[in-house]
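This report concerns only the one structure given below.
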Ligand code: ADP
Ligand code: MG
């Protein structure tokens, strides 16, 4: 087990500087934060440090600026929103190339003060995991706290590089409270799930999720498949999918998963089809055996919703990744919304329900049940990687629990 920030003596933290890697990669509309779920989930770690009287230096990436300063991806709006949420000032430090200026401003911080540095990905050394950049960030503080679960699957200068640099200079690199919470929920679901354990998978593609499908198939009692992913499975069954999104390259793989899964694997029995994936276009329900040449499958049908909801209702552990249809369009969102409600109902009844994946999290919010499910992961790609058992450099580099 990795050491967590709440295992560090608060008296030791007083007056010391904590360098914290958070995941403030939030959607912006101009200079407004559209969805602050990741910010609110990051507060407990920052508040713990502030309460202990530490000086807090926050680091995060935002978007993919590819190693250069992109004004639209500045963290300035995040500093403002974070300050509102924390109810205390957050000093934004926009200088980046001038390390002396950054270090001087950090040195001015008083116990309990919070600063946020500019977008780490404005610097080419971030994704290149440049040891010099990592060493500079490590030089700013006495302890490193990695709370950025969303990038735990990446080896970047501000994640694994910084942890290694902090340990090399004799400091500790510990997990933040959000990181710890994410691991607790996602690993609990996998390690020792209360049964029945149901996995629900959807979304656009099988190819990015092969690891998760295989990992889940070996552990769940039921695996419900929806979204465009189901289309490729339909083809493996020899069904016509018309003009639907299908991964031709993955049909053989789907066939072997069907064989491996046996009656644990449940595919939709009916679907919603349209002629065009667009707002206001036609939507009809058909059996999965009746999809015509110019139909596009865009959602699971009502019979499937009932079938899936019944499986969810009798589950004690539920893990969901990937929407059941093109939920961004109202008339194709009903299947996803129905599943979101089924999961929330099960959680109300005491089941553990964990949602992983960026779009799935958005879908749960759209259904208005975000606060009824046990845990909505802040990590999209990271949660999928973790579930698939992939390496997590951002975690592996941290200090072991004593
Ligand atoms: P997550 O981010 O939760 O892992 P994905 O990124 O894998 O989910 O998939 C989400 C996308 O899949 C959504 O944009 C949704 O519109 C799309 N999608 C789901 N079902 C279909 C379908 N039947 N046809 C086309 N796209 C689909
Ligand atoms: Mg996605």
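Numbering (the working numbering), first residue to last: 5 to 406. Cβ coordinates follow ideal geometry from the N, Cα and C atoms, glycine included.
Own chain residues within Cβ distance below 6 Å of residue i, not counting five before or after
i: residue 152; result: 25, 26 and 27
i: residue 147; result: 22, 175 and 176
i: residue 48; result: 181
i: residue 1; result: Outside the shown range of the chain, which is 5 to 406, sits residue 1, and nothing can be said about it.
i: residue 389; result: 157
i: residue 3; result: An answer regarding residue 3 cannot be provided, because it is not within the stretch 5 to 406 covered by the chain.
i: residue 2; result: Residue 2 lies beyond the range of the chain shown here (5 to 406); nothing can be said about it.
i: residue 67; result: 77
i: residue 134; result: 161
i: residue 323; result: 193, 203 and 358
Three-state secondary structure assigned by DSSP to residue i
i: residue 360; result: strand
i: residue 404; result: strand
i: residue 263; result: helix
i: residue 160; result: coil
i: residue 291; result: strand
i: residue 245; result: coil
i: residue 176; result: strand
i: residue 6; result: strand
i: residue 203; result: strand
i: residue 28; result: coil
i: residue 106; result: helix
i: residue 92; result: coil
i: residue 210; result: coil
i: residue 185; result: helix
i: residue 253; result: helix
i: residue 389; result: helix
i: residue 155; result: helix
i: residue 235; result: helix
i: residue 345; result: helix
i: residue 72; result: coil
The ligand MG heavy atom lying under 7 Å from the CB of residue i
i: residue 39; result: no
i: residue 265; result: no
i: residue 1; result: Here the chain comprises residues numbered 5 to 406, so residue 1 is not present and cannot be evaluated.
i: residue 13; result: no
i: residue 298; result: no
i: residue 362; result: yes
i: residue 384; result: yes
Proximity below 8 Å, CB of residue i to CB of residue j
i: residue 118; j: residue 54; result: yes
i: residue 113; j: residue 59; result: yes
i: residue 93; j: residue 87; result: yes
i: residue 403; j: residue 91; result: no
i: residue 245; j: residue 228; result: no
i: residue 10; j: residue 52; result: yes
i: residue 149; j: residue 82; result: no
i: residue 40; j: residue 89; result: yes
i: residue 236; j: residue 255; result: yes
i: residue 355; j: residue 308; result: no
i: residue 370; j: residue 331; result: yes
i: residue 300; j: residue 335; result: no
i: residue 391; j: residue 216; result: yes
i: residue 277; j: residue 250; result: no
i: residue 164; j: residue 124; result: no
i: residue 387; j: residue 190; result: yes
i: residue 267; j: residue 279; result: no
Residues near residue i by beta carbon distance below 7 Å, same chain, minus five either side
i: residue 127; result: 71, 100 and 137
i: residue 234; result: 271 and 272
i: residue 292; result: 238, 243, 272, 273, 274 and 275
i: residue 36; result: 81
i: residue 19; result: 57 and 115
i: residue 265; result: 221 and 227
i: residue 340; result: 327, 328, 329, 331 and 367
i: residue 171; result: 177 and 403
Residue i CB to nearest heavy atom of the ligand ADP below 7 Å
i: residue 252; result: no
i: residue 331; result: yes
i: residue 8; result: no
i: residue 302; result: yes
i: residue 209; result: yes
i: residue 232; result: yes
i: residue 272; result: no
i: residue 206; result: yes
i: residue 52; result: no
i: residue 228; result: no
i: residue 325; result: yes
i: residue 391; result: no
i: residue 249; result: yes
Sequence-distant residues of its chain with Cβ nearer than 8 Å to residue i (five each side left out)
i: residue 179; result: 6, 7, 8, 9, 149, 150, 151, 187, 399 and 402
i: residue 144; result: 21, 23, 61, 106, 107 and 110
i: residue 258; result: 210, 236, 237, 239 and 240
*Cβ contact check for the stretch 234-246 and the stretch 355-374: 3 or more pairs under 8 Å*: Cβ pair count under 8 Å is below three, so no.
*If you pair each beta-carbon of the stretch 376-386 with each one of the stretch 217-229, do three or more pairs fall below 8 Å?*
They do not touch, by the three-pair rule.
*Taking three-plus beta-carbon pairs below 8 Å as touching, is the stretch 197-209 in contact with the stretch 313-330?*
They touch, by the three-pair rule.
*Inspect the CB distances between the stretch 347-356 and the stretch 300-319 and report whether three or more fall short of 8 Å.*
The count of Cβ pairs closer than 8 Å, one atom from the stretch 347-356 and one from the stretch 300-319, reaches three, so the stretches are in contact.
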